[in-house]
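A short worksheet on the structure shown next.
2 protein chains.
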Amino acid sequence: MRTSAQNAELALLLEVAGTPKPGNVDRERDLADLRFEHFLAGAVGARDGLERAASGATIGSAFERAVEGMATQEGGNTQFGALLLLVPLVRAAGDDLDRSAAEAVVRETTVADAAGFYRAFDHVDVAVDDPPAELDALDVRRGSDAVPALEERGLTLLEIMEQSVPGDGVAREWIEGFERSFAAAERLAAAEGPLSERTAAVFLSLLAERPDTLVATRHGEATARDVTDRAAELVAEDALATDRRAVDRFADDLADRGINPGTTADITAAGLFVALERGSIAV
Amino acid sequence: MRTSAQNAELALLLEVAGTPKPGNVDRERDLADLRFEHFLAGAVGARDGLERAASGATIGSAFERAVEGMATQEGGNTQFGALLLLVPLVRAAGDDLDRSAAEAVVRETTVADAAGFYRAFDHVDVAVDDPPAELDALDVRRGSDAVPALEERGLTLLEIMEQSVPGDGVAREWIEGFERSFAAAERLAAAEGPLSERTAAVFLSLLAERPDTLVATRHGEATARDVTDRAAELVAEDALATDRRAVDRFADDLADRGINPGTTADITAAGLFVALERGSIAV
Numbered sequence: 001m002r003t004s005a006q007n008a009e010l011a012l013l014l015e016v017a018g019t020p021k022p023g024n025v026d027r028e029r030d031l032a033d034l035r036f037e038h039f040l041a042g043a044v045g046a047r048d049g050l051e052r053a054a055s056g057a058t059i060g061s062a063f064e065r066a067v068e069g070m071a072t073q074e075g076g077n078t079q080f081g082a083l084l085l086l087v088p089l090v091r092a093a094g095d096d097l098d099r100s101a102a103e104a105v106v107r108e109t110t111v112a113d114a115a116g117f118y119r120a121f122d123h124v125d126v127a128v129d130d131p132p133a134e135l136d137a138l139d140v141r142r143g144s145d146a147v148p149a150l151e152e153r154g155l156t157l158l159e160i161m162e163q164s165v166p167g168d169g170v171a172r173e174w175i176e177g178f179e180r181s182f183a184a185a186e187r188l189a190a191a192e193g194p195l196s197e198r199t200a201a202v203f204l205s206l207l208a209e210r211p212d213t214l215v216a217t218r219h220g221e222a223t224a225r226d227v228t229d230r231a232a233e234l235v236a237e238d239a240l241a242t243d244r245r246a247v248d249r250f251a252d253d254l255a256d257r258g259i260n261p262g263t264t265a266d267i268t269a270a271g272l273f274v275a276l277e278r279g280s281i282a283v
Numbered sequence: 001m002r003t004s005a006q007n008a009e010l011a012l013l014l015e016v017a018g019t020p021k022p023g024n025v026d027r028e029r030d031l032a033d034l035r036f037e038h039f040l041a042g043a044v045g046a047r048d049g050l051e052r053a054a055s056g057a058t059i060g061s062a063f064e065r066a067v068e069g070m071a072t073q074e075g076g077n078t079q080f081g082a083l084l085l086l087v088p089l090v091r092a093a094g095d096d097l098d099r100s101a102a103e104a105v106v107r108e109t110t111v112a113d114a115a116g117f118y119r120a121f122d123h124v125d126v127a128v129d130d131p132p133a134e135l136d137a138l139d140v141r142r143g144s145d146a147v148p149a150l151e152e153r154g155l156t157l158l159e160i161m162e163q164s165v166p167g168d169g170v171a172r173e174w175i176e177g178f179e180r181s182f183a184a185a186e187r188l189a190a191a192e193g194p195l196s197e198r199t200a201a202v203f204l205s206l207l208a209e210r211p212d213t214l215v216a217t218r219h220g221e222a223t224a225r226d227v228t229d230r231a232a233e234l235v236a237e238d239a240l241a242t243d244r245r246a247v248d249r250f251a252d253d254l255a256d257r258g259i260n261p262g263t264t265a266d267i268t269a270a271g272l273f274v275a276l277e278r279g280s281i282a283v
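Protein sequence lines correspond, in order, to chains C and B.
The opening residue of the first sequence carries number 1 in the UniProt record's numbering; numbering runs sequentially from there.
The opening residue of the second sequence carries number 1 in the UniProt record's numbering; numbering runs sequentially from there.
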């Protein structure tokens, strides 16, 4: 019987092992400067923070510790968004991990948790959009330098997340009761075959539903919509089962263009955790 | 900066990710009942025992805990032998992890450590040869049932390992000052390319040097020698660089015949740990 922190680390590992995950590092693909081994080391490094989340540390401090540990590898940001989902989910995990338990955790976050979230940005570069001018003092890229402005305005971590929706698919999970994370868990349980294939299928289904935040941030909304439309075509054709080469071509195309649907991977990792924790998938 | 326990867990992950590793599960190959995900979960599960080894628990109890955690997955024995190398190496790790530090750790093992080693066999089935008749009472497959006989004879864990040489390539490391583990670390540092390729090259070089214990146990010594001879031909031809398809054919052939050089993988994992700990490879 694994602990919740162990399941969360394993979810990070299973996520990166799922293949094919078009545009992202997976069991069969490295990118130029971001390789499989960086994700392995990121998951190992995150464990201490995940254990803190399980054992009652504040969400902000557990998240900062998880990110600091994750960043102890040379690939840069591998799993920041995934940890922003996993830390509250680990805290919510118990006899019955469900959406209301996860909602209760994020609802109880404080200004101190928001400060921990900002401090996490000191440890790693994260690709985010510019904030609106009136929120410039709260630009997350300021890291701990933004904490005084944050405390002055008295914003909790949940309120920070509310300001980031709709532009951020991870923040949206915080606001919408982890809707897509739990949906991903149900799809993982319903899918068939080895877990790496189920993970790939659920990743593609998530990508087909909603433009990926990281793609939109880096390449614009039109590109993000195009990627989602193409994923939706592949899902409609059941291409993973019937035309794997079409999926591989899509994967090659995204990799060639440097398009990495990272937010979709984050939600896939959260879904893997929920499914492991509920025992609806097993390893 | 990773802790020694983190480096040991990462070494287990990097080992299984190395590809091609003929006959074994690797980043590109699953076996019928033993898949990549089982090794990921085995590494996650082993961490607690590795942390105990680092923080001063007895070698026997740390090893038993590591094996118990490793076995919390559905694939069976994934990393027993690797942990039997990693636990003393983690204990020996400090400012200067070297062979004499590792030798000192195994020299100081006690009868209680041997009892912990036997108890570890209660958690998982391990492929081992039949012992000589006079040692039947000490057959490791008896697990904790053999502990009274062990205590009566007053054998330390090092003495148990001495009885297992030359038939056991992991025990041989205990007796020979972790000679091949440290040699593997030096080769990993000297090799070039992504870590998964270096790992594959070092695995093949180890396999080429000495017949694999697990192959000999399961398939006989002649088969183990044949495998080593073929590996040596491929190393002599520098086939990983010049004729990758020959290595892939060798890998397919071993997988088809159910030949898994598991002991060679164990030593590869130990080498990865030593190299990570010394900073001669980085992730």
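Every residue gets a Cβ at the ideal spot worked out from N, C-alpha and C, and that includes glycine.
Query	Result
Touching by the beta-carbon criterion (3+ pairs, under 8 Å), the region 52-61 of chain C and the region 228-248 of chain C	no
THR199(C) beta carbon less than 9 Å from that of ASP212(C)	no
Under the three-state DSSP convention, the category ARG2(B) falls into	coil
CA-to-CA distance, ASP122(B) to ARG65(C), given in whole angstroms	36 Å
Partners in chain C for VAL283(B), counting only beta-carbon separations shorter than 7 Å	GLU37, HIS38, ALA41, GLN73 and GLU74
Member of ALA115(C), LEU158(C) and THR156(C) whose CA lies at the smallest distance from the CA of ARG141(C)	ALA115(C)
CA-to-CA distance, GLY143(B) to MET161(B), given in whole angstroms	15 Å
9 Å Cβ cutoff met for GLY42(B) and GLY75(B)	yes
Whole-Å CB distance - GLY169(B) paired with ILE267(B), under 8 Å assumed	7 Å
Cutoff 9 Å: GLU28(B) Cβ touching any chain C Cβ	yes
Member of LEU83(C), ASN260(C) and LEU207(C) whose CA lies at the smallest distance from the CA of ALA32(C)	ASN260(C)
Given 8 Å, three or more beta-carbon pairs between the region 76-87 of chain B and the region 130-140 of chain B	no
Neighbouring residues, chain B, relative to GLN6(C) (Cβ below 9 Å)	ALA41, VAL44, GLY45, ARG47, ASP48, GLY69 and THR72
Beta-carbon separation (whole angstroms), ARG99(B) vs PHE178(B), contact threshold 8 Å	6 Å
Bridge partner(s) assigned by DSSP for ARG29(C)	ASP26(C)
ALA224(B) vs VAL215(B) beta-carbon contact at 9 Å	yes
Within-9 Å CB hit, SER280(C) to chain B	no
CB contact check: GLU192(B) to chain C, cutoff 9 Å	no
Proximity below 9 Å, CB of GLY271(B) to CB of ALA183(B)	yes
Anticipated Cβ contact below 8 Å, ALA17(C) with SER205(C), distance rounded	With 8 Å as the limit, ALA17(C) and SER205(C) do not qualify as a contact, their Cβ atoms being about 18 Å apart.
Which of helix, strand or coil DSSP assigns to GLN79(B)	coil
Any C-beta of chain C under 9 Å from that of GLU64(B)	no
Boundaries (first-last residue) of the alpha helix (DSSP H) holding ASP266(B)	262-278
Contact list for ARG2(C) against chain B, beta-carbon separation under 9 Å	ALA41, VAL44, GLY45, GLY69, THR72 and GLN73
Residues of its chain near VAL25(C), where Cβ-Cβ distance is below 7 Å and the 5 sequence neighbours each way are ignored	VAL16, LEU31, LEU34, ARG35, PHE36 and PHE39
Minimum length 4: unbroken alpha helix (DSSP H) runs contained in the region 63-113 of chain C	80-92 and 99-107
Delimiting residues of the alpha helix (DSSP H) encompassing PRO148(B)	147-153
CB of LEU188(C) within 9 Å of CB of ILE59(C), strictly	no
Contact with chain B by SER164(C), beta-carbon distance below 9 Å	no
Chain C within 9 Å of GLU9(B), Cβ atoms only	yes
Own chain partners of GLU159(B) with C-beta closer than 8 Å, once the 5 adjacent residues on each side are dropped	ALA114
Close Cβ partners of ALA8(C) (< 6 Å) along its chain, the five nearest in sequence each way excluded	LEU50, LEU86, VAL90 and PHE273
Per-residue contacts from LEU195(C) into chain B (C-beta, under 7 Å)	GLU37
Beta-carbon proximity list for TYR118(C), same chain, < 7 Å, skipping 5 on both sides	VAL140, GLY143, SER144, ALA146, VAL147 and LEU150
Interface partners of ALA17(B) on chain C, CB under 7 Å	PHE36, GLU37 and LEU40
ARG257(C), DSSP secondary structure in three states	coil
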